[in-house]
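Asks: Numbering (my numbering), first residue to last: 122 to 196.
Heads up, the beta-carbon is just placed ideally off N, CA and C, and yes, glycines get one too.
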């Protein structure tokens, strides 16, 4: 999809929407955590990613990143 559509999908997942998009996010996050040594295996990575989504921590990290990068938009 186009960037605007992808951003909308990501926002819905971060806000708690279930379904295939969430499943893809969980799979990708799990693979990244396993590769980085932050999860022992794929199953643990999925569990940790789901906890991050469900608690709102993932959305909060995105908000912090957006806030941080916007301070450089004025240069």
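Would you mind stating whether residue 152 and residue 166 have Cβ atoms separated by less than 8 Å?
Replies: yes
Asks: Does residue 145 pass the burial test, meaning 16 or more other C-beta atoms within 10 Å, or should it be called exposed?
Replies: exposed
Asks: For residue 147, which residues in the same chain have their Cβ closer than 7 Å to its Cβ, ignoring the five residues on either side in sequence?
Replies: 167, 170, 171
Asks: Count the other CB atoms, across all protein chains shown, that sit within 10 Å of the CB of residue 174; report buried if there are 16 or more and exposed otherwise.
Replies: buried
Asks: Counting along the chain, where does the alpha helix (DSSP H) carrying residue 166 start and finish?
Replies: 163-176
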